Structures are given as structure tokens and as C-alpha cells.
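Here is the structure we will look at.
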Amino acid sequence: MEKQLLRLQNEMGRTKCDYADLRYVETDQLRIRTKNGGLEEMKETFSRGVGFRVLDSGTFGFSATRDLSEKSLFSHLAQAHRMTKQFSKIRHAEVKLTPAKPIKTRWEMPVKKDPWNLSLQEKIAPQAEAERELARHSWMDSATGVLDFTRKRITFVSREGSWIEQTLYRTGGWIYGETWGKGKSNSKHEKIRRSWPGPSGLFRAQGYEAIENLKFREEGRRLAEELDQLRKSPETPTGTYDLILTGSILALQIHETFGHASESDRVYGYEDNFGGRTFLNPGLLGGYPVASPHVNLVSDAGLSLGPGAGSFAYDDEGIPAKRVDILKKGIFSGYLTSRETASFLNQPGSSANMVARDWSHYPLIRMTNTSLLPGHGTLPQMIADTEEGFLLDNELSWSIDEIRLDFQIGGECGYHIKKGKVKGLVRFPFYHGNTLDFWRACDRVAGKEAWDFWGFPDCGKGGPYQEAFTGHGLSPARFRGISMGRE
Amino acid sequence: MQSELRKLAQRAFKAAGKAPLQIFLRVKRGALIRFANNGVHQNGFQDLFSYTLRLLGKDGPVYVESNDASDEGMRKAVERLKAEVPKPLPTPALKKKDYPKVREHFSLPTEKIPEMGSRAIEGALRLIRGANASANGYFSAYERLFYLADSTGLELYHPTTAVRFGVTVSKGAGKGYFSSYHPDPKQLKVTPVVQDAIKLAEEASEKEISLEAGEYECILSPRAFLELIEPLRRHFNRELCEDGKSVLSGLFGKRIFSEVFTLADSVSDSGEFGVPFDAEGAPKRKVVLVEQGVLKGLLAEGHSTRGLLEHPFWPQNLCVKEGNHSLAELFKRIRRGIFINKIWYHTLVRESAMEVTGLATAGSVYIEEGKIRGRVAHLRYHDSIFSILRSVVGASKERVLLKDGEMGAASFPYLWVSHLRVV
Numbered sequence: 129m130e131k132q133l134l135r136l137q138n139e140m141g142r143t144k145c146d147y148a149d150l151r152y153v154e155t156d157q158l159r160i161r162t163k164n165g166g167l168e169e170m171k172e173t174f175s176r177g178v179g180f181r182v183l184d185s186g187t188f189g190f191s192a193t194r195d196l197s198e199k200s201l202f203s204h205l206a207q208a209h210r211m212t213k214q215f216s217k218i219r220h221a222e223v224k225l226t227p228a229k230p231i232k233t234r235w236e237m238p239v240k241k242d243p244w245n246l247s248l249q250e251k252i253a254p255q256a257e258a259e260r261e262l263a264r265h266s267w268m269d270s271a272t273g274v275l276d277f278t279r280k281r282i283t284f285v286s287r288e289g290s291w292i293e294q295t296l297y298r299t300g301g302w303i304y305g306e307t308w309g310k311g312k313s314n315s316k317h318e319k320i321r322r323s324w325p326g327p328s329g330l331f332r333a334q335g336y337e338a339i340e341n342l343k344f345r346e347e348g349r350r351l352a353e354e355l356d357q358l359r360k361s362p363e364t365p366t367g368t369y370d371l372i373l374t375g376s377i378l379a380l381q382i383h384e385t386f387g388h389a390s391e392s393d394r395v396y397g398y399e400d401n402f403g404g405r406t407f408l409n410p411g412l413l414g415g416y417p418v419a420s421p422h423v424n425l426v427s428d429a430g431l432s433l434g435p436g437a438g439s440f441a442y443d444d445e446g447i448p449a450k451r452v453d454i455l456k457k458g459i460f461s462g463y464l465t466s467r468e469t470a471s472f473l474n475q476p477g478s479s480a481n482m483v484a485r486d487w488s489h490y491p492l493i494r495m496t497n498t499s500l501l502p503g504h505g506t507l508p509q510m511i512a513d514t515e516e517g518f519l520l521d522n523e524l525s526w527s528i529d530e531i532r533l534d535f536q537i538g539g540e541c542g543y544h545i546k547k548g549k550v551k552g553l554v555r556f557p558f559y560h561g562n563t564l565d566f567w568r569a570c571d572r573v574a575g576k577e578a579w580d581f582w583g584f585p586d587c588g589k590g591g592p593y594q595e596a597f598t599g600h601g602l603s604p605a606r607f608r609g610i611s612m613g614r615e
Numbered sequence: 005m006q007s008e009l010r011k012l013a014q015r016a017f018k019a020a021g022k023a024p025l026q027i028f029l030r031v032k033r034g035a036l037i038r039f040a041n042n043g044v045h046q047n048g049f050q051d052l053f054s055y056t057l058r059l060l061g062k063d064g065p066v067y068v069e070s071n072d073a074s075d076e077g078m079r080k081a082v083e084r085l086k087a088e089v090p091k092p093l094p095t096p097a098l099k100k101k102d103y104p105k106v107r108e109h110f111s112l113p114t115e116k117i118p119e120m121g122s123r124a125i126e127g128a129l130r131l132i133r134g135a136n137a138s139a140n141g142y143f144s145a146y147e148r149l150f151y152l153a154d155s156t157g158l159e160l161y162h163p164t165t166a167v168r169f170g171v172t173v174s175k176g177a178g179k180g181y182f183s184s185y186h187p188d189p190k191q192l193k194v195t196p197v198v199q200d201a202i203k204l205a206e207e208a209s210e211k212e213i214s215l216e217a218g219e220y221e222c223i224l225s226p227r228a229f230l231e232l233i234e235p236l237r238r239h240f241n242r243e244l245c246e247d248g249k250s251v252l253s254g255l256f257g258k259r260i261f262s263e264v265f266t267l268a269d270s271v272s273d274s275g276e277f278g279v280p281f282d283a284e285g286a287p288k289r290k291v292v293l294v295e296q297g298v299l300k301g302l303l304a305e306g307h308s309t310r311g312l313l314e315h316p317f318w319p320q321n322l323c324v325k326e327g328n329h330s331l332a333e334l335f336k337r338i339r340r341g342i343f344i345n346k347i348w349y350h351t352l353v354r355e356s357a358m359e360v361t362g363l364a365t366a367g368s369v370y371i372e373e374g375k376i377r378g379r380v381a382h383l384r385y386h387d388s389i390f391s392i393l394r395s396v397v398g399a400s401k402e403r404v405l406l407k408d409g410e411m412g413a414a415s416f417p418y419l420w421v422s423h424l425r426v427v
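Those protein sequences? They're chains C and V, same order as listed.
Using my numbering, you'd call the opening residue of the first sequence number 129 and step up by one each time.
Using my numbering, you'd call the opening residue of the second sequence number 5 and step up by one each time.
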């Protein structure tokens with residue numbers, strides 16, 4: 129394949145265009161679903177192909193193929209070039225790219241245990257044991273789990289001279305128990321679910337060690353205890369309370385509000401027909417407090433903060449991972465950009481946030497690892513310092529408007545805090561608010577001791593629709609005076 | 005093309021030896037072009053292919069999917085599968101093979117798709133600029149081929165084409181969204197869709213109306229309705245119902261929705277499109293799920309795709325019976341209500357009551373005494389799907405065809421409901 133790619137790089141050099149690149153991607157994915165301690169379904173996927181991007185007459189063209197014959201590859205490179213001609217007359221705006229240094233390198237994500245070197249039984253053992261622990265309770269309806277492993281080998285080659293080979297890993301999984309509780313109107317169909325570490329898992333840029341770190345066995349026991357309590361727990365009251373968010377639900381809160389809002393393609397309407405726009409206008413950059421001074425949010429696909437699920441060494445435009453401040457002490461400080469939007473924004477370079485789902489998709493501006501930097505103190509101290517409020521764990525539902533302002537988010541479970549102590553659990557908690565008011569109400573972010581990475585496998589965007597892995601490092605955070613329950 | 009896919013399948017069967025293999029091949033070729041602020045900003049041509057091999061193990065099905073069709077690639081895929089399922093169970097033979105006849109493939113030369121897209125968007129933008137408006141949207145055209153075979157001798161092939169155009173026009177602060185889909189490129193309606201979107205955007209631009217929280221009459225567009233009922237779909241599963249795990253459990257034969265509401269899953273009705281078999285090769289057949297508000301049918305194996313992790317049990321060809329009034333007449337009958345054109349970020353808050361929330365967007369307008377009074381400033385609903393569908397008053401006589409996933413299509417009228425809770 130290397131020789132083919134070299135010939136294509138030479139052909140890109142000969143093509144009369146402003147820029148061209150290709151990505152040859154091989155992806156292995158393994159998804160295992162278990163139920164009550166046994167295998168339920170397993171799917172192994174292998175995919176490989178090449179996606180070409182050509183920039184000419186101020187317009188990008190893209191063409192992708194799984195046919196790796198020389199004839200097909202050259203014809204798709206030509207097809208991408210033809211697309212630029214086809215659409216240049218009705219283009220949005222002239223595309224110009226910020227400069228990028230050609231890079232020639234090879235990088236492999238460090239993993240301790242390659243999941244592809246383990247047997248199926250070895251892989252599912254901790255999860256199966258946790259499910260059996262859950263399923264032994266007579267009131268438990270089902271205990272289910274999912275393991276998901278992805279290994280991606282990307283070769284990025286550009287007309288500018290870049291040749292970057294990288295191997296990435298993404299590993300995640302989750303377990304959940306389901307039972308039936310008394311319904312709101314005494315309906316018998318009130319499903320209660322409790323998951324660990326989140327309803328769609330926790331993903332990291334690691335090997336199987338990511339699954340070992342989840343400690344399914346111990347967490348399975350806790351889930352069983354909490355599900356038993358939740359069956360008899362009261363509904364969440366309606367009113368204004370202090371809210372502590374942690375783990376997966378705080379990751380989601382970051383993701384859906386400032387995460388998506390900071391994607392600069394939304395400023396130019398590029399996601400108008402699917403993902404929406406953003407309230408973060410360029411005029412707000414640098415001086416506008418969109419959150420309290422406790423809130424410091426960064427984007428960083430490198431591994432220096434930890435193995436976030438969005439990690440890589442180079443993005444899909446060949447730009448090295450870097451750290452970018454999104455919010456600095458609550459002030460809006462920067463966007464996630466590509467070489468194209470960085471040029472629109474008069475910035476010197478891209479923030480390295482261009483990611484494609486695979487070879488067949490056009491790279492888009494994506495969150496990689498969007499993290500809330502730690503503050504001070506611990507979660508127990510935060511709880512002890514709360515007069516009355518709720519600590520929410522794991523998201524159950526979420527909805528936010530097109531510019532990422534008005535939202536409503538529901539959790540799996542709420543811990544009712546009264547006078548600094550957890551007094552019990554509540555069912556189906558949900559809260560609503562406005563992104564600006566909500567983050568301005570953040571009065572505390574816990575310190576480094578509580579800091580960890582959470583991450584999702586399925587951030588959806590674009591057309592054709594594509595999903596991406598995103599990581600979110602965070603410590604628990606508290607928000608004062610938040611509206612909970614029915615509006 | 006069928007013979008090429010057959011040859012590929014035969015190579016897989018040969019590599020599998022006596023193993024009771026099932027193979028599902030998918031080909032997808034075409035392009036999607038997106039535009040914003042009256043200009044194209046993204047285009048992409050895709051040539052995709054994959055095959056999924058399946059063996060049934062004692063604990064459940066195991067799948068290996070690949071797009072490497074070389075002899076070596078196929079041999080590896082079969083070996084991986086056989087290693088995971090050393091003692092596969094036999095593939096159960098299908099009892100019935102009465103597949104509905106669905107013609108869903110029309111002339112669509114893939115090499116001409118970029119030109120088609122460019123022409124369609126250019127024409128649309130001319131109209132939009134002429135109306136001093138701006139717009140975002142998309143054009144897509146794909147040919148998809150589905151081929152399924154198994155060790156019992158079953159062989160199924162279904163070629164499809166799909167062409168889509170959608171546009172959101174902005175005029176001042178008003179927005180209007182409409183879309184068109186058809187398997188036959190000649191049936192794609194670009195100009196009427198753009199004209200309707202401009203008209204709605206113009207009407208919505210007049211005035212902004214802030215609604216008080218409360219209950220409102222509502223007209224749901226077909227697109228909005230498709231999204232609204234999404235969380236309910238899986239509950240039409242017979243097995244789930246019998247196990248008491250569906251929100252419809254215990255309600256069979258009972259009135260659950262308004263008596264003017266009839267819902268079916270059917271690929272065989274005239275004007276419907278979709279793959280006529282499920283992922284196990286079983287023929288799809290028409291099932292009336294709800295008849296005049298009464299739960300009348302549930303989906304069992306053979307009625308819909310199941311298995312293949314990304315395709316859970318799912319009705320894929322939903323149709324709602326049309327009514328007697330035109331959409332314009334429905335508008336005239338609204339005393340104080342909302343037209344919801346498109347739903348945004350619809351989510352299930354609580355499953356037991358099918359409690360959902362989301363926002364109305366892209367040309368959702370307030371109607372009073374039969375006339376559009378302006379756009380709704382910000383509309384979040386929080387209500388139960390049961391309660392909304394119990395309040396269906398009527399349906400338009402126009403029905404709109406919507407693409408619904410890769411293998412199906414839906415056909416809905418505009419629905420008039422008497423209660424929607426706005427928060």
C-alpha cells in the first residue's frame with residue numbers, strides 16, 4: 129500500500145490545485161454485548177479505504193473509495209478534483225488554509241494490553257461477573273453489558289509533503305441493571321435503570337486496561353444496592369436547588385453546552401442543516417464572561433492530561449495536537465478550528481480539531497478532549513458544604529436548542545443532600561436552564577484528586593452523519609440555584 | 005450487479021465449508037452536498053461496500069463484517085468467525101417466502117450525481133436569492149444494493165435508489181423548512197419545496213410571538229411526527245409486549261390513541277418503498293399496529309429487521325392514514341395553536357409514560373383563528389406521546405414520503421392534535 133500512496137502523493141503534486149490530501153484508514157472494531165453473565169451478541173468489523181480531499185478554485189472536493197486498485201484510487205483523486213470544479217461557481221466562500229508545516233512521522237498510541245491479543249472469555253470476564261452479581265437479585269429484571277474496542281491505523285499524506293502514520297486505540301464499556309418500580313401513576317411499567325460508568329459507557333484512548341480500571345465487579349455491587357433503593361425512592365421534587373454534577377453527566381453538560389458551541393464551523397452555518405449554530409459569536413472572544421471564574425475549559429487531543437477518548441498525535445489535516453483555551457476563568461477565549469475556519473477567523477493556525485469517522489467521511493471540526501480543569505477541594509467537602517441540593521449521576525435524557533443555550537438534562541439517579549449529608553436517593557431527576565446562567569452559577573470545581581477522564585463514543589454531527597469519540601476530563605462541580613423538575 | 009454479489013457470496017460459502025453461514029452484502033454509491041448561507045461548503049462522493057457474515061452460536065449470533073473482498077480478506081473474515089463460533093447452530097429455514105414486490109430502483113448514473121446536485125442547488129439558490137432570502141440545506145443521491153444469502157439456499161437481492169433535497173430558508177428572523185425524497189430522481193421536487201420554504205419563512209418573519217406555557221392545539225408536520233414517535237417504535241415488539249416490558253404491554257385490543265389515528269408498518273402499500281425482507285431474510289408484511297386508536301398489531305420476527313447490532317427490532321415502513329382535509333383547511337380550523345415543522349433534540353425523559361421533551365424549529369409558527377400570526381420565539385414541549393396521540397383530531401389528505409433509515413421509508417399526513425404541552 130505504501131507504494132500506492134507514494135504514487136498518489138506524486139499525482140497530487142502534479143494536479144493543478146491549491147491543496148490535496150488523502151487518508152488511508154484501516155479500522156478494526158469489536159463490539160460485544162453480554163447479558164446476565166453470558167455472551168448475547170458479538171460483532172467484529174474490519175474496514176479499509178481511502179478518502180481524498182482536493183482544494184481548487186477556493187472549493188474543497190471529496191471522494192472516497194474502498195476499492196484499492198490503482199485505477200480506482202487515481203479515479204477518485206480525479207473525482208475529488210472534479211467536485212471542486214463542479215461546485216466552485218456556487219461555493220459558500222473562498223476557502224483559504226492557514227499554513228502548516230509538512231510532517232513526516234510515525235506514532236503509535238501507547239497501550240498496555242492490546243484487546244486483540246486477549247480471548248473473548250478473558251475480555252468479558254469482569255463484566256460477566258458483575259452482571260451475575262446484579263442478576264442474582266430476584267427483583268432484577270436484567271443485567272447487561274457492552275464492550276467496545278476500536279483500533280485505527282491512519283496514514284495521512286498531503287500534497288504539501290506530510291506523511292503521517294498513526295495507530296489509535298479506543299476502548300470502552302459499560303454495565304447496567306434494570307428493574308421495574310412502581311410507576312408515577314401506579315403504572316407497572318416503570319423501568320428503572322442504573323449504569324456504570326455511564327449509560328453509553330466510558331471510553332478512553334487505551335487498551336484493555338481501560339476496562340480493568342472500570343472495576344466492574346465492585347461497581348456491580350453498588351449498582352445493585354442503589355437499584356434496590358431506587359425501586360422505593362421518591363420522585364425528585366420540583367424547585368430550585370444546588371446541584372452537584374459528576375462523572376458522565378458532567379461530561380455531557382460540558383459536551384452539549386460549551387463543547388459544541390465552541391466548534392467554529394457552526395459560526396459559519398456549516399452545521400445549520402443538522403447540528404445547528406452557536407451562541408458563541410466571534411465578537412465575544414477574549415472579553416465576555418460566559419461562565420464563573422471557576423470555569424477553565426481546554427481542548428487538548430494530546431495525552432498530557434490523560435488518555436481522553438478523543439486523543440491523537442495529529443488530526444485529520446495533519447496538524448499536531450495542541451492545547452487551546454476555550455474558557456479561561458470563565459472568559460470565552462478560543463474556538464475549535466480547522467485550517468479553513470482558522471483562516472476565516474484570522475488566526476495563525478488550526479487548533480487541530482479536524483476528525484473524520486473513517487476513510488469514507490469528510491473530516492469535520494470535532495471536540496477531541498474538551499476538559500474542565502480542576503479547582504480545589506474534594507467531592508465530600510463539596511457535599512458537606514451544601515445546605516440542600518442534589519448530586520446527579522449519569523445522564524438519562526438530554527435536549528438543547530440549536531445555538532446551545534436552552535437545555536434540559538435528566539439523570540439516572542439523584543442523591544438528596546440535606547445539611548451537608550446524603551439522605552437518600554431520588555428517581556428521575558432532571559434540571560433545566562440556560563448555558564450562560566448555568567455555568568455562571570458554578571461556584572466550585574473539585575481538585576486534582578477527583579479529576580478523571582470520561583468520554584463518549586457517539587458524538588453525532590455532519591452529513592453524511594458521522595460519529596466521533598470525545599473525551600472529557602473533569603472533577604465534580606457545583607452549581608447554585610438550579611431549576612429542577614417540571615417547568 | 006446481482007451476479008457479482010452472488011459470486012462474492014459463493015466465495016464466502018466456499019471458504020466457510022459446511023458452516024451454516026449467512027452473508028449480507030451492502031453496496032452504497034453516491035454523493036451528499038451541503039450548502040449554507042446560499043453557498044455550497046461541503047461535498048462528498050462515496051463508494052462503499054461491506055459484507056456481514058453471521059453464524060449462530062449457542063449464546064447468540066456472532067457477526068464479522070468487512071469491506072475487504074479479496075480472497076485473502078474473505079478467507080480471514082470467515083476464519084475469524086469460525087474461530088469465535090466453533091460449533092455453530094444450523095440456520096433455521098424460513099417457512100414463508102412470499103416477499104412483497106417493491107420497485108425501488110430507478111435510473112441514477114452515479115457519475116452524474118455531482119452534476120445533478122449542482123444543478124438542483126443552483127436552481128434552488130436562484131429562487132432563494134430572488135426572494136432576498138438565504139438558505140442552508142442538502143442534496144443527496146445514492147444507489148444502494150442489498151444482497152442476502154444463507155446456507156439453506158436463500159438468495160435475496162434488492163436494489164434501491166434514493167434522492168433527497170432539503171432546505172431551510174431564512175427571511176429576516178423567519179425560517180421555513182421543507183424537504184423532498186423519492187427513489188426516482190425524476191420525482192424529486194426541488195422548486196416546490198423551495199417555494200414552500202420561502203413562503204413559510206416570509207410568513208414567519210412578520211412577527212415573533214412568545215408563548216405562555218400551557219396547552220396548545222398543534223399541527224405536526226410529517227417530519228416532526230416521524231421524530232416524535234421515535235421512542236415508541238421498539239415497543240411494538242410482540243416479544244417485549246408479552247414479557248411485560250413494553251409500554252404497550254397489556255394494552256392489546258384496547259384504545260390507546262385517538263379514534264381518528266391509524267398506524268401501520270407496511271412496505272407493500274402503493275407508494276411505499278423499502279427493503280422487502282429483514283436482516284434474517286424473512287419477508288416483511290403489512291401489520292396494522294393501531295387501527296382507529298386501538299392497538300391491533302405487534303411486530304414479530306419476519307416483520308422487521310432484527311439482529312445486526314445496529315438494527316434492533318424496528319418498524320421501518322410506518323404509514324399513517326390520511327384524512328379528508330387539505331393542510332390549508334387544517335390551518336383554518338386552528339383557533340389557537342402551533343404548526344410544528346421540525347423537531348429539534350427530541351428526547352425520552354421517562355419511558356413508562358412516554359414522556360418526551362424537545363424544541364420546535366425551522367418554520368414553526370403560531371396560528372390564531374386560522375391564520376399564521378408569526379414565528380414562535382422559543383418553543384420547548386414536554387408531554388407524553390400517549391397524551392399527544394390521544395388528542396389527534398384529524399389528518400391532512402396530503403401524505404409526505406420520508407426516507408427512514410437505509411432500508412425503509414415512512415409516509416405520513418400532517419396531523420392535527422388538540423393538546424400539546426408547551427413549557
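Yeah, the Cβ is synthetic: ideal placement off N, Cα and C, and Gly gets one too.
Quick caveat: nothing in here was measured; it's all calculated off a predicted structure.
Could you check whether the Cβ of residue i sits closer than 7 Å to any Cβ belonging to chain C?
{"i": "Thr361(V)", "result": "yes"}
{"i": "Arg58(V)", "result": "no"}
{"i": "Thr309(V)", "result": "Bear in mind that the predicted position of Thr309(V) carries a pLDDT of just 45, short of 50, making it unreliable; the figure below should be weighed with that in mind. With 7 Å as the cut-off, Thr309(V) does not count as an interface residue toward chain C."}
{"i": "Leu352(V)", "result": "yes"}
{"i": "Asp63(V)", "result": "yes"}
{"i": "Ser388(V)", "result": "no"}
Can you tell me whether residue i is buried or exposed? The criterion is at least 16 other CB atoms within 10 Å of its CB, across all chains shown.
{"i": "Ser328(C)", "result": "buried"}
{"i": "Lys11(V)", "result": "exposed"}
{"i": "Tyr146(V)", "result": "buried"}
{"i": "Gln320(V)", "result": "buried"}
{"i": "Tyr593(C)", "result": "exposed"}
Are the C-beta atoms of residue i and some chain V residue less than 7 Å apart?
{"i": "Arg151(C)", "result": "no"}
{"i": "His388(C)", "result": "no"}
{"i": "Asn314(C)", "result": "Residue placement at Asn314(C) is poorly supported in this model, since its pLDDT is 48, which falls under 50; the coordinates still yield a value, given next. No, because no Cβ of chain V sits closer than 7 Å to the Cβ of Asn314(C)."}
{"i": "Phe407(C)", "result": "no"}
{"i": "Glu468(C)", "result": "no"}
{"i": "Ala539(C)", "result": "In the sequence as presented, Ala is not what sits at residue 539(C); that position holds Gly. Chain V, which has no Cβ nearer than 7 Å to the Cβ of Gly539(C), makes this no."}
Which of the three DSSP states, helix, strand or coil, is assigned to residue i?
{"i": "Glu108(V)", "result": "coil"}
{"i": "Lys171(C)", "result": "strand"}
{"i": "Pro448(C)", "result": "strand"}
{"i": "Gly375(C)", "result": "helix"}
{"i": "Cys570(C)", "result": "strand"}
{"i": "Ser308(V)", "result": "Confidence at Ser308(V) is low in this model, with a pLDDT of 44, below 50, so the placement of that residue is unreliable and no value is reported for it."}
{"i": "Ala192(C)", "result": "strand"}
Can you tell me where the alpha helix (DSSP H) holding residue i begins and where it ends?
{"i": "His209(C)", "result": "198-216"}
{"i": "Glu353(C)", "result": "344-360"}
{"i": "Asn138(C)", "result": "130-142"}
Which residue comes first and which comes last in the beta strand (DSSP E) that contains residue i?
{"i": "Trp235(C)", "result": "232-236"}
{"i": "Leu307(C)", "result": "It is Thr, not Leu, that sits at residue 307(C) in the sequence shown. Unbroken beta strand (DSSP E) run through Thr307(C): 291-309."}
{"i": "Met268(C)", "result": "268-286"}
{"i": "Pro118(V)", "result": "That residue, Pro118(V), is in no beta strand (DSSP E); its alpha helix (DSSP H) goes 117-134."}
Exercise. Quick one, which residues of the stretch 39-53 of chain V are near chain C if we go by CB-CB under 9 Å, in chain order?
Worked result: Contacts with chain C (Cβ-Cβ distance below 9 Å) from the stretch 39-53 of chain V involve Phe39, Ala40, Asn41, Asn42, Gly43, Val44, His45, Gln46, Asn47, Gly48, Phe49, Gln50, Asp51, Leu52, Phe53, listed in chain order.
Problem set entry | Members of the stretch 83-94 of chain V that neighbour chain C once the beta carbon cut-off is set at 7 Å | Arg84, Glu88
Exercise. For the stretch 150-170 of chain V, which residues have a CB atom closer than 8 Å to at least one CB atom of chain C, in sequence order?
Worked result: Gly170
Exercise. According to a CB-to-CB cut-off of less than 7 Å, which residues of the stretch 398-425 of chain V neighbour chain C?
Worked result: none
Exercise. What residues in the stretch 166-193 of chain C have a beta carbon less than 8 Å from any beta carbon of chain V?
Worked result: In summary, the residues of the stretch 166-193 of chain C whose CB is separated from some CB of chain V by less than 8 Å are Gly166, Leu167, Glu168, Glu169, Met170, Lys171, Glu172, Thr173, Phe174, Ser175, Arg176, Gly177, Thr187, Phe188, Gly189, Phe190, Ser191, Ala192, Thr193, in the order they occur in the chain.
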